[in-house]
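Encoded as structure tokens, the structure appears first; notes follow it.
6 protein chains.
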Amino acid sequence: MFLPKKVLLKRLLRFLKEDVGQGDLTTALTIPPGKTVAAQVIAKESGIIAGVEEAQLFLESLGFKVETLVKDGAGISKDAIILKITGDARTLLSVERTLLNLLSRMSGIATQTRRILTKIQHAGYNTRIASTRKTAPGLSYFDKKAVMLGGGDTHRLHLDDLILIKDNHLKIVGNLNQAMEKVKNMVSFAKKVEIEVATKEAALKAAKGGVDIIMLDNFHPQHIRETIELLENKELRERILIEASGGITEANILEFAGTGVDIISLGELTHTTKALDISLDIQKPTKR
Amino acid sequence: MFLPKKVLLKRLLRFLKEDVGQGDLTTALTIPPGKTVAAQVIAKESGIIAGVEEAQLFLESLGFKVETLVKDGAGISKDAIILKITGDARTLLSVERTLLNLLSRMSGIATQTRRILTKIQHAGYNTRIASTRKTAPGLSYFDKKAVMLGGGDTHRLHLDDLILIKDNHLKIVGNLNQAMEKVKNMVSFAKKVEIEVATKEAALKAAKGGVDIIMLDNFHPQHIRETIELLENKELRERILIEASGGITEANILEFAGTGVDIISLGELTHTTKALDISLDIQKPTKR
Amino acid sequence: MFLPKKVLLKRLLRFLKEDVGQGDLTTALTIPPGKTVAAQVIAKESGIIAGVEEAQLFLESLGFKVETLVKDGAGISKDAIILKITGDARTLLSVERTLLNLLSRMSGIATQTRRILTKIQHAGYNTRIASTRKTAPGLSYFDKKAVMLGGGDTHRLHLDDLILIKDNHLKIVGNLNQAMEKVKNMVSFAKKVEIEVATKEAALKAAKGGVDIIMLDNFHPQHIRETIELLENKELRERILIEASGGITEANILEFAGTGVDIISLGELTHTTKALDISLDIQKPTKR
Amino acid sequence: MFLPKKVLLKRLLRFLKEDVGQGDLTTALTIPPGKTVAAQVIAKESGIIAGVEEAQLFLESLGFKVETLVKDGAGISKDAIILKITGDARTLLSVERTLLNLLSRMSGIATQTRRILTKIQHAGYNTRIASTRKTAPGLSYFDKKAVMLGGGDTHRLHLDDLILIKDNHLKIVGNLNQAMEKVKNMVSFAKKVEIEVATKEAALKAAKGGVDIIMLDNFHPQHIRETIELLENKELRERILIEASGGITEANILEFAGTGVDIISLGELTHTTKALDISLDIQKPTKR
Amino acid sequence: MFLPKKVLLKRLLRFLKEDVGQGDLTTALTIPPGKTVAAQVIAKESGIIAGVEEAQLFLESLGFKVETLVKDGAGISKDAIILKITGDARTLLSVERTLLNLLSRMSGIATQTRRILTKIQHAGYNTRIASTRKTAPGLSYFDKKAVMLGGGDTHRLHLDDLILIKDNHLKIVGNLNQAMEKVKNMVSFAKKVEIEVATKEAALKAAKGGVDIIMLDNFHPQHIRETIELLENKELRERILIEASGGITEANILEFAGTGVDIISLGELTHTTKALDISLDIQKPTKR
Amino acid sequence: MFLPKKVLLKRLLRFLKEDVGQGDLTTALTIPPGKTVAAQVIAKESGIIAGVEEAQLFLESLGFKVETLVKDGAGISKDAIILKITGDARTLLSVERTLLNLLSRMSGIATQTRRILTKIQHAGYNTRIASTRKTAPGLSYFDKKAVMLGGGDTHRLHLDDLILIKDNHLKIVGNLNQAMEKVKNMVSFAKKVEIEVATKEAALKAAKGGVDIIMLDNFHPQHIRETIELLENKELRERILIEASGGITEANILEFAGTGVDIISLGELTHTTKALDISLDIQKPTKR
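Residue numbers (the working numbering), protein chains in the order written: chain W, 386 to 673; chain B, 386 to 673; chain D, 386 to 673; chain F, 386 to 673; chain S, 386 to 673; chain G, 386 to 673.
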């Protein structure tokens, strides 16, 4: 996920604009114009850092000199310095919260993603974990980039991404074969096609229908194993990716990782988040 | 927090725009134009609902007929129907995730806020709880409205709201009295003034300086009690509000609620959230 | 009122965009690209200058070198040089009017504010004067900042600022006590509460109800005096601010300033404005 | 000036958005949702009304039923009802000020324009009066439409409108003939060309150069008469329009109107404005 | 490609906004407000129609009653009526050109696409044709939708769509295998991977590397045949799609369609367009 | 057409934003951050270049060092280098297509315009050619600037430009004289007035009515000659411009140029375009 700076910046400034309203009154009343300060952004707990690129761009566009001490995706320990910043005191105080809100949300998501991934890897599996579209509203770009920095898969970025025929589509179309037929006739060659199924039989039908990915929705681990075995028996397993989804959490993930699925997707990577504790400390101010 | 519909709608459509990208391909490929469906938005777990007003406005603006079965701020049980929706099938499928992401985030925040508040009230305290500006980036309006519906206080909505002199301001100004002096001379009569202090002595100085609210930052509960006692002894307690902040969580909140502070503010109300599980079920489609 | 530059700039560029349309044709036809000029922004009459910060930011963002010779809020005499500018001739000619429109409106407002304030101070009163929300549409930020630079109070910046229960609210609620009750139960601790009253009795009721500010709407000066006396007699005066509003102009303001009110608000500070005469003079062009 | 409603509406909603911030708190706290009210917009003084089309569109887009009792450009007397409005109480209270600010600014401008125009007509002249680009920043559309409704000429709407070679252009180009030559070779046939001159001789040169309009900048009335006579003598008067500009105000306008110029332009039509006093009165609320 | 109406509308209104500027003066001066007219949108030449959905939405959002007589993607003959419209005369005249510009561009693209496709099909091939990202700036959505309605493939909608490693990427990475390796390790399971190659050998390497699609860039038809044969011999043909690109036009396309490639992409589908001649005829106006 | 850079840039970034979506994945996956490259923009065929100013501004705003080797409006031969660019590799690859799409569309339009103009000039005529409002939706600025660089006339830039009474206006007004009367009474002195006529008689009526320009719509060349003769006989020719429009193409233009009209307008200048083939070649990358 690479956005040219001008495009990324526009998204960041929208956050600032909401927070600042008609202006930072406290700063206007207490801090004289033209004062320069140095500051550090510091982790108050360990985790995986994400949002450094965004933070740097944001601050530099506001006129700050920024030194980054860690890279996006790196593990950091408590008290690690993430950024050193020098620049206008008034501006820094008025953007501090916007900056930290982004960094701590993205780092919180990356930290959780990495922790779950590590759990899977320590258990000896190489199942991928993926986020869903269950992000905070309007924050898909930032939430998914954080997942990626944590080692997870971004899955769909938009609705114009891979075709994913879900439960609710099938309820309207009425019939899995019909839906697959429609899609096959019209879909761009540039897209993969995925279908969500609720039974072993539907999974088999989907595999025969030629989809690229099958999502086993709310399957019990044992049920997943049987489905995979069925596909293997029909020699359909190899050219298809299997994604397990629904009711999978950090607590029970190893039961699913052990079934042989390729991908496990978890809504909680982005909808249930814990901000990483990060703060900004003003250093001794220097004369202009 | 009341926004005229046209203003609120603009914020909602921005969320949709990001998610939909160049269009919902799956829906375009599987669902014929002009199909009408009925659907229900259902709670998959109990909690406090928030975002109903937003959901209704969003859906109605997209041409749906909407019936709301619960009110914002109400407690709902598992399987409760929140909304009944009728309208264009293609549109509904393409906006479903945006709708649910907002509802489940807001409801998750309201649920957590109410749970903590109830804990305090069951312990026999009437301390208020307040959110901070630690929201998801750009979602301050929605996050704070959810806190309010859960029974919490919104605290500052922008930086142009009450004056809040924090640690980092004082580091630059150098001196609490000087900062209060500057503010008192220039601040609009329409604003309250709050100051963050780190010691009992600073709290006393602040109270003498005539601020409206004192924030005791990272004070131990015992320390808070002593500070309040000191202010009472000096007959300064009555006309001042005391806010405790820093390191307070759902787990330890009763220790702070018992100190006699007026307000406890918690970053985790908005920065560490668990989405309420809410889903949309398509009903039998009807012919147009 | 301090806005980070990037946020402020966006507001300024919107003005330019409207004026420039599909481009400055005269400049394109007469001025060769790449020509550099020097220019001065000069006051054609004396007054209080406001908008220098905005002008400087605007010009610098467009690539100009800018020297500011006076500070926002300073008194200037006729022929005073406000800014010295060097940069691209085409750009300067195409932004000249946008620049001057902002500077002369803001300075006009500041000048009027200061003149009225001075009148009050010369009469020996220390009553504050405040603007209202009667600004030019969409120019609240700039109009109120100009008032502030003139020495006035900004009053509410948005509708999310202090609670101000007005006449029209009461007509719907039906009852002052009921309105105050509702507000008291729900309002954030971070906000002040003001109520507009039309009679002495209502003022007393409001004071008893615990509001922070009482607005005496369209009261005769004598009537104001009696109301203040009543509150003093009831020992309610001290912790309440009194604002007089309605029908007060530069002509009759001393009658009101003499009544002992704390604040006088005047719509005309922002709705009836006289631009300060400011112009831009191109100096001898220099070769690139 | 006719804008399709959707385009006009976007400009109006921007005004509302600034004023409302994160929401109208007073209204949210005092007025229950779903309450319907009737209201009237009333003139508190006589004048020329402008902005009725905008007001109606704005209100209807917000869901109100609106009856307009006067037409844009009409003269109204004190206490005249301008609009009757029925609709949601919360919404009405939160948009009242935005509505009135636009109506009263536009009506103030139209009133002043008409008054000056009437003065000229009563003196027996048919000189046109025109506005300049000296509008409130970003309000060119509304300010110029108000001038037009008052009977004035809008003059340039953008910099992409007629070519107007001014003083500052000539300072850079160095030479009037050279500037006219450049323009003549390149200008679109769809545009008129105007040039600002400071002397009788320059006016003659401009007329010979074939421009469509000559602006006599800061000419004394006698000087204007002589210039017109010179052009008549050279048989150049007929196909050229003459505009007088600079230092002309309501007070001295008859001296200029009597000189035989075609157009007099006045910055004060839009930069020095007095809002017409207009208010909104809530009627008895009705149950929903 | 399905966009919820509110999202699509926003894009359409941007076109109108540019064209209308500060308002449609001709219409304002000649057509009285409140006049209703009927009109027809008519094809002045035969072709494939595209943009009907957009036209209908655009007009309905502006308050018109619209009847659509042909469907997007249908062939129409000269003089065919496409839309019947009833509504406000002023609005219709001010939006006519924006409406027709969109319809005639989209229909021109669809017509050209269909003509080329038909040529291929008549020659007995079933090769797909695809557009590229060489659209008019900012019109990717509309250009690609028109291609799709003509029967072509949209190919990438954004840069966040399938991975497409091109010539310029390889010049920087230095090495095809290295580029494929990097991508394979990091790419989301939801994306296909395509690589552009310049030689038969590179095509073989790419096929072995496991990409989904190989783009043969600027290959001679004979060269393409040999490459496909080589892949067949290595049993790599089946699971790979082959796209031919570069220097292919309507004139020489059959030479390429006969080579056995799966997809032929042509920049000219969207960068070299001929608008279909479509006009709007006002019918007899009716009284309001 | 001169736009201040900040205003122009905003339009350019909108194009990029659409193309880049949630980010350039290929580039993110293959190109390491911080890599610097040099590149050249090269013409693959001869023509007239347009868009250099836009390209330079776009690239410089993204942080590139840019050298321009040709000027807007210049003729270039195949293989000519247009720009030399140095800067961040990731950014360059992600903006390449947006850059080229603009340059090649604008240059294609300029090339076609110049070719037609040259044809007219070689035939010994000095008739002007003009574009219409039939541009790509939303690209009026860029399309018209390209026409101008090719030597054509931009004609109306907006609907707020010259008054142009067309066929559809007259159908509603009912009567040419009535329409002219209405316009004459109300139109700003700053605007020209043009009227579209379908017969010789109407042309005469229009000329008597005092319009500035007459558009002969769909006149046969012989018919045009007769109309001009008629106007000459009535001594009305001189002060009026005559524009021929409708059914005129590059193929038949000399028949029209020979009639003595002043301006010929052609929709195809902007609605039927052939992109000039321009590409970007990455040079050897250099270490950062």
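Quick reminder that beta carbons are idealized off the backbone N, C-alpha and C, glycines included.
Quick caveat, the model's predicted, so the values are computed rather than measured.
What does residue i pair with, by DSSP beta-bridge criteria?
i, result
"residue 657 of chain S", "G:659"
"residue 423 of chain D", "D:471"
"residue 432 of chain B", "B:461"
"residue 666 of chain D", "D:425"
"residue 515 of chain D", "D:538, D:650"
"residue 416 of chain B", "In the DSSP output, where bridge partners are listed per residue, residue 416 of chain B has none listed."
"residue 549 of chain B", "B:579"
Nearest to residue i by CA position, among the options, is which residue?
i, options, result
"residue 586 of chain B", "B:665, B:611, B:647", "B:611"
"residue 618 of chain F", "F:606, F:593, F:500", "F:593"
"residue 456 of chain W", "W:441, W:504, W:437, W:513", "W:437"
"residue 590 of chain S", "S:569, S:512, S:616, S:480", "S:616"
"residue 580 of chain D", "B:579, B:580, B:582, B:575", "B:575"
"residue 386 of chain F", "G:571, G:584, G:588, G:622", "G:571"
"residue 407 of chain D", "D:497, D:479, D:429", "D:479"
"residue 622 of chain S", "S:582, S:492, S:599", "S:599"
"residue 401 of chain B", "W:494, W:532, W:543, W:396", "W:543"
"residue 398 of chain D", "G:391, G:396, G:398, G:399", "G:391"
"residue 652 of chain S", "G:645, G:664, G:648", "G:664"
"residue 668 of chain W", "W:396, W:423, W:403", "W:423"
"residue 536 of chain G", "G:518, G:520, G:566, G:497", "G:497"
Review point. Along the region 537-550 of chain D, what residues have a CB closer than 9 Å to any CB found in chain B?
Key: 538, 539, 540, 541, 542, 543, 544, 545, 546, 547, 549
Exercise for review: Residues of the region 479-495 of chain W with a CB closer than 8 Å to any CB of chain B: list them in chain order, please.
Suggested key: 479, 481, 482, 483, 485, 486, 487, 489, 490, 493
Check your understanding: Looking at C-beta atoms only, is the number of pairs between the region 412-419 of chain S and the region 472-483 of chain S that lie closer than 8 Å three or more?
Key -> yes
Exercise for review: List in chain order: all unbroken beta strand (DSSP E) runs of 3+ residues lying wholly within the region 597-652 of chain W.
Suggested key: 598-602, 626-630, 648-650
Check your understanding: Could you give the uninterrupted runs of the beta strand (DSSP E) lying entirely in the region 552-603 of chain G, keeping only those of 3 residues or more?
Key -> 578-582, 598-602
Review point. Whole beta strand (DSSP E) runs in the region 437-483 of chain W with 3 or more residues, listed along the chain?
Key: Those beta strand (DSSP E) runs which fall completely within the region 437-483 of chain W and span 3+ residues are 450-453, 466-473.
Check your understanding: How about the region 557-575 of chain F and the region 499-510 of chain F: do they share at least three Cβ pairs that are nearer than 8 Å?
Key -> no
Review point. Counting pairs of beta carbons, one from the region 540-558 of chain F and one from the region 547-554 of chain G, are three or more of them closer than 8 Å?
Key: Taking a cut-off of 8 Å on C-beta distances, the region 540-558 of chain F does not touch the region 547-554 of chain G, as fewer than three cross pairs fall below it.
Review point. Looking at C-beta atoms only, is the number of pairs between the region 603-610 of chain S and the region 636-645 of chain S that lie closer than 8 Å three or more?
Key: yes
Check your understanding: Any contact of the region 480-491 of chain G with the region 521-540 of chain G, i.e. 3+ C-beta pairs under 8 Å?
Key -> yes
Check your understanding: According to a CB-to-CB cut-off of less than 8 Å, which residues of the region 568-579 of chain W neighbour chain S?
Key -> 573, 574, 575, 576, 577, 579
Review point. When you check each C-beta in the region 457-480 of chain B against every C-beta of chain S, which residues fall closer than 7 Å?
Key: 475, 476, 479, 480
Point to revise | Short-range partners of chain D found in the region 436-455 of chain W, where Cβ spacing is below 8 Å | key: Flagged, chain order: 446, 447, 448.
Check your understanding: Which of the residues in the region 591-606 of chain F, read from start to end, lie with their CB under 8 Å from any CB of chain G?
Key -> Identification of residues in the region 591-606 of chain F having a C-beta nearer than 8 Å to some C-beta of chain G yields 598, given in sequence order.
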